Amino acid sequence: LAEARAPGYFDAAAGRVALVACASTFPDWTQAADGNGEVPGRPGLSPVRLHTSYQVTAEQLASLRAIAAALGLPAAAQAASELNFLNGRFTAASTPSVQVAADTRDTAEITAAIRRASRNADLTLLGIHAHEGDHRADLPSPFLRPFAHACVDAGADAFLGHGPHVLRGLEIYKGKPIFYSLGNFIFHGESEKQIPPEIYRECGVEGSDPSDVFDKVLPGFSAAPFWESVVPLATYEDKKLTQLKLYPVTLRPELSRPRRGTPELVHGDAAEQIIRHLSQLSEPFGTRIRFDGQAGVVQLPG
2 LAEARAPGYF DAAAGRVALV ACASTFPDWT QAADGNGEVP GRPGLSPVRL
52 HTSYQVTAEQ LASLRAIAAA LGLPAAAQAA SELNFLNGRF TAASTPSVQV
102 AADTRDTAEI TAAIRRASRN ADLTLLGIHA HEGDHRADLP SPFLRPFAHA
152 CVDAGADAFL GHGPHVLRGL EIYKGKPIFY SLGNFIFHGE SEKQIPPEIY
202 RECGVEGSDP SDVFDKVLPG FSAAPFWESV VPLATYEDKK LTQLKLYPVT
252 LRPELSRPRR GTPELVHGDA AEQIIRHLSQ LSEPFGTRIR FDGQAGVVQL
302 PG
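The number in the numbering used here is simply the position in the sequence shown, starting from 1, with 1 added.
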């Protein structure tokens, strides 16, 4: 785990870039772990574990208690207005909602790695694989914005989200860009030689042809946002972001399987449409983006 948390460095002619990578969306068995003397360490990814609780009305909470009692399932209550049931924590509230927060220890360890990286690099990037949304795939989960802010506070010069396969909004926080998701830049999964056997089982696909899996799952991603993204071109001077332009790209879904999935620049009305879509997603974060005929230009503070 210590190695998975640690920053990686790339020395370029213009300076050193550091990357700290983590994930909130992952199977349990992919987490890295430190050894404890007798048990060796386990390779894997740097996790951001999430804690989810559910707020329901008092009537709904009473129904859950009744369901638990009728099924003979364990349901623990810390107070009259709380219930732990089916691995979920439910509390009574006037309006139903889902509360999601990043694990505080994971956040502390990742931000410590960012502070370390920022001291030793000219530019520090944080990358997170996060599928979790908020009722829609293009809206980030409630945990992600506080986590992103904590990463910038620790010294990240850019926050790069990926995972949900669609663009999400852009926020400028303390002069640093937070991309809640940059969608798909390259999608060559269909050209993989083979994929793990558990994916066939999870998708209900017989045999061992990866094309059968993608034929089954890709219709759910057939809408344009899956195949569209932007390439950010960010200019920094002494860690200060001075310009941010967003170049629209398409992965050409109309092409055949061997040819699609490679990004190409988009021009004209199609380019403006992608920037307009990203601008709408970014408005709740107070971000203004204009289209200059080729790319989106982000209005920076000051």
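Here a beta-carbon is modelled for each residue, glycine too, at the ideal position from N, C-alpha and C.
Here the structure is a predicted model, which is why all the values come from computation and not from measurement.
Should S98 be listed as close to the ligand MG, given that the test is whether its C-beta is under 8 Å from any heavy atom? Questions concerning the ligand MG fall outside what the structure shown contains, since it holds no ligand whatsoever.
The alpha helix (DSSP H) that contains I115, what's its start and end? Against the sequence shown, residue 115 aligns to sequence position 114. T105 to N121 is the span of the alpha helix (DSSP H), which, as asked, contains I115.
May I ask you to report which of helix, strand or coil DSSP gives V267? Mapped onto the sequence shown, residue 267 falls at position 266. Here V267 sits in coil by DSSP.
If we ignore side chains and look at the alpha-carbon of each, how far apart do A334 and E83 end up? Lying before the first or after the last residue shown, residue 334 is absent from the chain, which here runs from 2 to 303.
With a cut-off of 8 Å on the beta carbons, I'd call G156 and T108 a contact; round off their distance for me. Sequence index remark: in the sequence shown, residue 156 carries index 155 (1-based). Sequence index remark: in the sequence shown, residue 108 carries index 107 (1-based). Rounded, the Cβ-Cβ distance is 14 Å, inconsistent with contact.
Report, in whole angstroms, the separation of the C-beta atoms of K262 and E172, which I expect to be a contact under 8 Å. Residue numbering aside, residue 262 sits at position 261 when the sequence shown is read from its first letter. Residue numbering aside, residue 172 sits at position 171 when the sequence shown is read from its first letter. Rather than Lys, the amino acid found at residue 262 in this sequence is Gly. Wrong, their Cβ atoms sit about 28 Å apart, outside the cutoff.
Please confirm whether Y10 and L20 have their CB atoms less than 9 Å apart. Locating residue 10 in the sequence shown gives position 9, where the first residue counts as 1. Locating residue 20 in the sequence shown gives position 19, where the first residue counts as 1. Result yes, Cβ atoms of Y10 and L20 sit closer than 9 Å.
Rank E273, D12, S280 and D154 by C-alpha distance to the C-alpha of K175 and give the top, closest one. Here residue 175 refers to the residue found at position 174 of the sequence shown. Nearest C-alpha to K175: D154.
Under the assumption that G45 contacts T26 (Cβ atoms under 8 Å), give the Cβ distance between them as a whole number of angstroms. On the sequence shown, position 44 is the one that residue 45 refers to. On the sequence shown, position 25 is the one that residue 26 refers to. Between T26 and G45 the Cβ distance is about 14 Å, and since that is not below 8 Å, they are no contact.
Output the residue ranges of the beta strand (DSSP E) runs that lie fully inside the stretch 139-183 and measure 3 residues or longer, sorted by chain position. 159-163, 171-174 and 177-180
V214 (DSSP reduced to helix, strand or coil): Here residue 214 corresponds to residue number 213 of the sequence shown, with the count starting at 1. Helix, per DSSP.
Whole-angstrom distance between N88 and Y55, CA atom to CA atom: By one-based count along the sequence shown, residue 55 stands at place 54. By one-based count along the sequence shown, residue 88 stands at place 87. Each residue's Cα considered, the two are about 11 Å apart.
How about L219 and V298: are their beta carbons less than 9 Å apart? Counting from one through the sequence shown, the residue named residue 219 turns up at place 218. Counting from one through the sequence shown, the residue named residue 298 turns up at place 297. No, the Cβ-Cβ distance between L219 and V298 is not below 9 Å.
Closest to R17 by C-alpha separation, out of D123, H278, C204 and L161, would be which residue? Numbered from its first residue, the sequence shown carries residue 17 at position 16. R17 has its Cα closest to that of D123, out of D123, H278, C204 and L161.
With a CB to CB cut of under 7 Å and the five nearest residues on each side skipped, what residues in its chain are close to V167? By 1-based counting over the sequence shown, the position of residue 167 is 166. Result list for V167: A138, D139, S182, G184, P226 and F227, in chain order.
For Q61, report the span of its alpha helix (DSSP H) as first-last. Against the sequence shown, residue 61 aligns to sequence position 60. Q61 -> alpha helix (DSSP H) spans A59 to L72.
Cβ neighbours of A13 in the same chain (closer than 8 Å, five flanking residues each side left out): Locating residue 13 in the sequence shown gives position 12, where the first residue counts as 1. Cβ neighbours of A13 beyond the five flanking positions: none.
Residue range of the beta strand (DSSP E) that E199 falls in? Counting from one through the sequence shown, the residue named residue 199 turns up at place 198. Taken as a continuous stretch (DSSP letters only), E199 belongs to no beta strand (DSSP E), being part of the alpha helix (DSSP H) at P198 to C204.
Proximity below 9 Å, CB of A103 to CB of T58: For the purposes of this step, residue 103 is identified with residue 102 of the sequence shown, where counting begins at 1. For the purposes of this step, residue 58 is identified with residue 57 of the sequence shown, where counting begins at 1. Going by C-beta atoms, A103 is not nearer than 9 Å to T58.
Going by other Cβ atoms of all chains shown within 10 Å of its Cβ, with 16 needed for buried, is T236 buried or exposed? One-based indexing of the sequence shown puts residue 236 at position 235. T236 is exposed by the Cβ-count criterion.
9 Å Cβ cutoff met for S119 and A131: To locate residue 119, count along the sequence shown from 1; it is residue 118. To locate residue 131, count along the sequence shown from 1; it is residue 130. No, these two residues do not count as a Cβ contact at 9 Å.
Reduced DSSP secondary structure (H/G/I, E/B, other) of E229: Within the sequence shown, residue 229 is the residue found at index 228, counting from 1. Note: E229 maps to strand in three-state DSSP.
Which residues in the same chain have their Cβ closer than 7 Å to the Cβ of I276, if we skip the five residues on either side of it in sequence? Position 275 of the sequence shown, counted from the start, is the residue given in the question as residue 276. Answer for I276: L247, P249, I290, F292 and G297, listed in chain order.
Am I right that F286 and G128 are in contact with their C-beta atoms under 8 Å? What's the rounded C-beta distance? Here residue 286 refers to the residue found at position 285 of the sequence shown. Here residue 128 refers to the residue found at position 127 of the sequence shown. Not a contact, Cβ separation roughly 19 Å.
Do V232 and P264 count as a contact pair if the criterion is CB distance below 9 Å? As a working mapping, residue 264 is identified with position 263 in the sequence shown. As a working mapping, residue 232 is identified with position 231 in the sequence shown. Yes, these two residues count as a Cβ contact at 9 Å.
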